[in-house]
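Chains as they are written, first to last, in the working numbering: chain A, 81 to 395; chain B, 218 to 897.
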C-alpha cells in the first residue's frame with residue numbers, strides 16, 4: 081500500500097513541485113530581504129572599547145571606536161555567511177571543536193556518544209557563533225573563500241610595474257671621477273689648476289678618500305645621500321669631461337669630472353621582474369578583493385546599533 | 218636531503234592552503250591545487266654585472282637580523298608585518314606599525330630616511346611550525362591546549378615556548394601561570410636525544426615539520442620578490458633564519474644566511490640540532506653537493522651567553538681540535554658586535570684593558586636572555602669572556618695550542634628588530650624593537666622600549682656590486698664592519714710598507730689593496746720591522762631629518778698573546794679625544810667641533826714578531842643624545858619632582874644609564890701570525 085503510494089507519479093509531481101516552489105520562494109525572498117539583522121548591543125560596544133584600551137593602553141576616540149564597531153559588524157557578516165553556506169557542518173575542524181565542547185558539557189547524558197545528536201544540540205545553542213575558536217575559524221575560512229579566486233595576469237602585472245616607476249624604473253645615472261681635498265678650498269683650487277694643466281694625475285691627486293675616486297652608475301638620489309644635495313645638483317648640471325669644483329660636502333672639498341650620463345629607463349618587464357612584481361601585486365589584490373567582498377556582503381544585512389557610539393568616552 | 222629552489226620549482230611537499238599557490242596565471246604556469254610555482258627562468262647570476270660595478274669596491278649598508286610575524290615572540294605582540302612588508306620597508310617605503318586599530322590599520326607609521334642596500338629576514342626556525350599551527354586554523358592542532366594557551370595568554374606563552382622549546386623547563390623560579398602544567402612535564406631531552414617539540418607537534422615533531430613549510434616558503438618567496446635582479450641592482454635580499462639555541466636562557470643564537478635561493482627544504486632548527494656543530498653538520502649535509510647552496514652562520518649577543526658562546530670545548534667537554542676549530546672558522550666568518558640587546562665588543566672591567574672607558578657603551582647589565590625578567594634569579598653580571606675582544610684573544614691562544622684559530626670573527630651590526638623594520642636604527646624617533654624589549658601592546662606614550670635596549674646597528678660590506686654573490690663573498694672574507702646605526706665610511710688596510718704620506722694621496726684605496734690586505738684579512742709575511750695600518754674614515758653626512766655628529770677620533774685596538782697570556786691595548790691614532798665636544802642635555806644640541814674625515818698611517822710601536830696579534834679600528838663620533846634622552850626631553854620630564862614623572866617615563870630619571878651616546882664603527886680585525894702569517 082505504502083509502496084504503491086511512493087511510486088505514484090502524481091505524488092512525485094507534487095513533491096517536486098513543492099520543492100521547486102519552496103526553492104524559488106527562498107531564492108527570491110533572499111534577493112529582497114536582508115539575510116539577518118546584526119545587533120550591536122551596548123555590551124558589545126563596551127567590550128570593544130575595553131579591548132581597544134587593553135591593546136593600545138588608550139581609550140579610543142569616536143572615530144577609533146566606530147572603526148572597532150565596523151570591524152565587529154564585518155566579522156559578524158562573515159560569520160553569518162559561513163553559517164549560511166553550512167561551513168560549520170562541513171568543516172572537520174569546526175565539527176571536532178563543537179563535538180569536544182558538547183561532550184564536555186553533556187558528559188553524563190545519554191546522547192554523549194551520539195555525534196549527530198551532539199551537533200544538533202550545538203546548533204540549537206548557536207555554539208558556532210559563541211565559541212571563540214569556532215567563530216574565528218569560520219571567519220577565516222570565509223575570508224579564504226572570498227579571496228580564493230584572486231589571480232593576476234601578466235598584463236596586470238606589467239601595468240602595475242608601469243604604475244610604480246619609483247620602485248621599478250631606473251633613474252638617470254652618472255659616472256664621474258673625483259679628487260678630494262680634506263681641509264682647504266684654496267688648496268683644492270690649486271689641485272684643480274694642476275688637473276687642468278695636466279701636471280697632476282687624477283689617479284693620485286688630492287687626499288685619501290675612503291669611497292675611492294671613481295663612481296659609476298649613481299643616481300642623483302644616491303649622490304645626494306653620499307655627498308649632499310649641492311654636489312648632486314652640480315653633477316646633474318656639469319658638462320661632460322670637464323673638471324669642476326671645488327664643491328663642499330660634509331667631508332671636505334671635491335673636484336669632479338662627470339664622464340658619462342646614463343639616461344633614465346622605464347622598467348623592462350622581463351620574466352624576472354614580472355615574477356617579482358607579480359608576488360607584490362597579488363598580495364595587494366587579495367586585500368582589495370576581500371574588502372570589496374565584505375562591503376558587498378554587508379549590504380545584504382540589516383545592522384541595528386543599540387548603543388551610543390558617538391562619544392568615545394572622553395578620549 | 219631535499220632542497221627547495223624557487224627558480225626550479227623543486228620545493229618539497231607544498232602544504233595545503235591557497236596562500237602558497239601564487240596564482241600568477243600564465244606567468245607562473247599551472248598553479249592549481251597545491252602545485253608550486255613553475256619555472257620562470259631567472260637570468261644567470263654569476264655573469265651579471267650591475268651598472269654600479271666598481272672593482273675597487275664600495276660600501277653597502279644592510280641589516281641581517283630581522284624578525285617578522287613568523288617569530289613567535291614578535292607574533293604574541295601583534296606584529297602582523299611579514300617578510301614582504303619588512304623588505305618593502307628596507308627599500309624605503311613607509312610601513313604601518315602597531316598598535317593596530319580594529320580594521321588592521323596601523324596607528325603609527327615608520328619609514329627609513331635612507332633605504333638599505335640589503336637585508337635578510339631571519340625568523341626563529343624553532344617556532345615556524347608552532348606559530349603557523351597556532352595562527353593558521355587549517356591545522357587541526359590549532360585547537361589543542363598549547364595553542365589555546367598561546368592565543369589566550371600570549372605573554373605567558375612566550376615565556377613558556379621559549380623556555381620549553383629551548384630546553385629550560387627546569388628553571389625553578391619560573392613564574393608558571395595557573396593551569397599550565399606542561400612545563401614541568403616535558404623531558405629536557407627526548408629518548409632519541411632530540412629536544413622535544415611541543416606536544417601538539419605529534420610524535421617526533423612531524424606535524425610541525427610539515428606545517429613549517431608554510432612560513433619557510435613564504436620567507437623564500439618574499440626574498441625572491443624583493444631581490445632586484447636587474448642591472449640596477451638596487452636591493453639585495455638573503456634567504457635566512459635564526460637558529461635559536463639558548464640552553465638555560467644562555468644565548469647561543471645564530472643567524473643562518475644562505476648565499477642564494479637554493480636552500481634546504483626545511484631550516485635545521487635547535488630542537489633537532491641542539492649544538493652549533495650539529496647545526497653546521499646538518500647544513501653541510503642538506504646543502505652538500507647542491508649547486509649554489511652555501512651558508513654562513515652569524516652568532517649574536519654573545520654578551521648574553523653566560524660564558525657559553527666562546528667556550529673552548531665541544532659538547533662532549535673535549536678540547537677543541539684543529540679540525541673542529543677550522544670548521545667553526547669556516548662556518549662563522551662574522552659575529553654581531555652590536556644590536557638591539559647591547560654591544561658585545563668589550564666589557565673592560567677586568568684585567569688588561571680595563572682602562573678602555575669606551576667599553577661602557579650600550580652595555581647590558583646582565584649575562585643572559587633572562588635578563589631582569591624574573592628578578593635576576595637566573596642571571597648574573599656580564600662576563601668578560603662573552604665579549605668579542607676577549608674571544609679574539611682566546612682564539613689566538615687556541616691557535617697557539619692547536620694551530621687553528623676557532624674565533625676568527627669579523628664584525629657586523631644588526632637591528633634584531635621584532636617589528637619587521639630592518640635598519641630602523643637611528644636614535645631619533647626610535648619606535649622600539651619589541652621582542653625581548655617592551656611589548657608594544659603596552660605602549661602608553663612612555664619610553665618606546667626598556668631603558669637598557671638600543672635601536673641597534675647596521676652591517677656594512679665592501680663589495681664590487683650589490684648582488685648576493687658579491688655581498689656573500691665580502692662576508693666570507695670579512696671585508697665588513699659594524700656601526701651603531703649611523704653610516705660612517707671606514708677603510709682599514711694592513712701591510713708592511715705603506716708610504717707614510719698615503720693619506721695625502723688620491724690613490725689611498727688602490728695602494729691599500731696593492732700593498733696589503735683589507736679589513737678581515739691576514740697580514741702577509743713580514744717585509745719590515747713592524748706592520749703598518751692605513752685607516753681612512755668619512756663621517757656620516759646625515760640626511761634630511763637625520764642629523765649626525767662629526768668624527769671625534771680613530772682608535773686601533775690590538776690584542777696579542779705573550780707566553781700564553783692574552784693582552785690588549787687601545788691606541789688613539791687619529792682625531793682628538795679631547796676635542797671638548799659635548800651635548801646640552803636641556804636641548805640635545807651638540808657643542809664643539811669634530812672632523813668630516815680622518816686618515817692616518819699607523820705603525821705598531823710595540824710589535825714583537827714572535828707574538829700572534831689582531832688589530833681592529835674603532836671610529837668614534839662626537840657625542841649625541843641617546844634615544845631615551847630625546848624621548849624624555851620631548852615629553853618634558855622633570856626629574857626634580859619624582860612624583861610628577863608619568864608612568865612609563867620613570868627611567869628618564871634612572872642614573873644608571875647614560876644620557877648620551879658616541880656612535881661608532883668597528884672594523885673587522887686584521888690578524889698577524891708568527892711564521893706562516895698568511896695561513897688561515
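By construction, the Cβ of each residue, glycine as well, lies at the ideal position given by its N, Cα and C atoms.
The structure displayed is predicted, hence computed values, not measured ones.
Report all residues from its chain with a CB closer than 6 Å to the CB of residue i; omit the five preceding and five following residues, and keep chain order.
i, result
"residue 311 of chain B", "326 and 328"
"residue 707 of chain B", "698, 754, 836, 882 and 884"
"residue 440 of chain B", "454 and 456"
"residue 157 of chain A", "377, 378 and 381"
I think residue i touches residue j, with their Cβ atoms under 8 Å apart; what is that distance to the nearest whole Å?
i, j, result
"residue 614 of chain B", "residue 781 of chain B", "6 Å"
"residue 301 of chain B", "residue 442 of chain B", "6 Å"
"residue 711 of chain B", "residue 832 of chain B", "7 Å"
"residue 340 of chain B", "residue 279 of chain B", "Not a contact, Cβ separation roughly 17 Å."
"residue 684 of chain B", "residue 265 of chain B", "6 Å"
"residue 124 of chain A", "residue 152 of chain A", "7 Å"
Would you kindly work out how many angstroms separate the C-alpha atoms of residue i and residue j, rounded to a whole number?
i, j, result
"residue 512 of chain B", "residue 366 of chain A", "34 Å"
"residue 764 of chain B", "residue 233 of chain A", "45 Å"
"residue 665 of chain B", "residue 114 of chain A", "47 Å"
"residue 301 of chain A", "residue 501 of chain B", "42 Å"
"residue 779 of chain B", "residue 537 of chain B", "21 Å"
"residue 889 of chain B", "residue 695 of chain B", "15 Å"
"residue 628 of chain B", "residue 844 of chain B", "23 Å"
"residue 285 of chain B", "residue 636 of chain B", "6 Å"
"residue 588 of chain B", "residue 874 of chain B", "16 Å"
"residue 879 of chain B", "residue 644 of chain B", "11 Å"
"residue 201 of chain A", "residue 209 of chain A", "14 Å"
"residue 756 of chain B", "residue 840 of chain B", "13 Å"
"residue 306 of chain A", "residue 618 of chain B", "46 Å"
Given a cut-off of 9 Å, decide if residue j and residue i are closer than it, judged by their beta-carbon atoms.
i, j, result
"residue 472 of chain B", "residue 493 of chain B", "no"
"residue 293 of chain A", "residue 257 of chain A", "yes"
"residue 726 of chain B", "residue 288 of chain A", "yes"
"residue 584 of chain B", "residue 558 of chain B", "no"
"residue 373 of chain A", "residue 226 of chain A", "yes"
"residue 457 of chain B", "residue 298 of chain B", "no"
"residue 291 of chain A", "residue 215 of chain A", "no"
"residue 887 of chain B", "residue 737 of chain B", "yes"
"residue 271 of chain A", "residue 286 of chain A", "yes"
"residue 811 of chain B", "residue 766 of chain B", "yes"
"residue 462 of chain B", "residue 556 of chain B", "no"
"residue 770 of chain B", "residue 791 of chain B", "yes"
"residue 198 of chain A", "residue 179 of chain A", "yes"
"residue 689 of chain B", "residue 554 of chain B", "no"
Sorted by chain position, which residues of the same chain lie with C-beta nearer than 7 Å to residue i's C-beta, five sequence neighbours on each side aside?
i, result
"residue 850 of chain B", "805"
"residue 358 of chain A", "232 and 237"
"residue 504 of chain B", "481, 510, 511 and 512"
"residue 298 of chain A", "253 and 254"
Using C-beta distances below 8 Å, list every residue in its chain close to residue i, excluding the 5 sequence neighbours before and after it, in chain order.
i, result
"residue 602 of chain B", "524, 527, 608 and 611"
"residue 530 of chain B", "536 and 537"
"residue 354 of chain A", "234, 237, 238 and 241"
Identify the contact partners of residue i in chain E, using a Cβ-Cβ distance below 8 Å as the criterion.
i, result
"residue 271 of chain B", "Looking for chain E here will not work: the only protein chains present are A and B."
May I ask you to list, following chain order, the residues of the segment 109-129 of chain A that have a beta carbon less than 8 Å from some beta carbon of chain B? 128
Using a Cβ cut-off of 8 Å, which residues of the segment 283-295 of chain A contact any Cβ in chain B, in chain order? 283, 284, 285, 286, 287, 288, 289, 290, 291, 292, 293, 294 and 295
Anything in the segment 323-354 of chain A with a Cβ closer than 9 Å to a Cβ of chain B? List those residues in chain order, please. 329, 330, 331, 332, 342, 345, 347, 348, 350, 351, 352, 353 and 354
Quick one: which residues of the segment 706-728 of chain B get their C-beta closer than 7 Å to a C-beta of chain A? List them in chain order. 706, 707, 708, 719, 720, 721, 722, 723, 724, 725 and 726
For the segment 358-373 of chain A, which residues have a CB atom closer than 7 Å to at least one CB atom of chain B, in sequence order? 358, 359, 360, 362 and 363
Using Cβ-Cβ distances below 8 Å, what residues of the segment 249-276 of chain A are close to chain B? 250, 253, 259, 260 and 262
So if I threshold CB-CB distances at 9 Å, which residues from the segment 429-458 of chain B count as touching chain A? 438, 439, 441, 442, 443, 444, 445, 446, 447, 448, 449, 450 and 451
Got a sec: which bits of the segment 810-827 of chain B sit with their beta carbon under 7 Å from any beta carbon on chain A, in order along the chain? 813, 814 and 816
Chain A contacts from the segment 743-756 of chain B (Cβ-Cβ distance under 7 Å): 753, 754, 755 and 756
Counting only Cβ-Cβ distances shorter than 8 Å, please list the residues of the segment 308-320 of chain A near chain B, keeping chain order. 308
Got a sec: which bits of the segment 520-553 of chain B sit with their beta carbon under 9 Å from any beta carbon on chain A, in order along the chain? none
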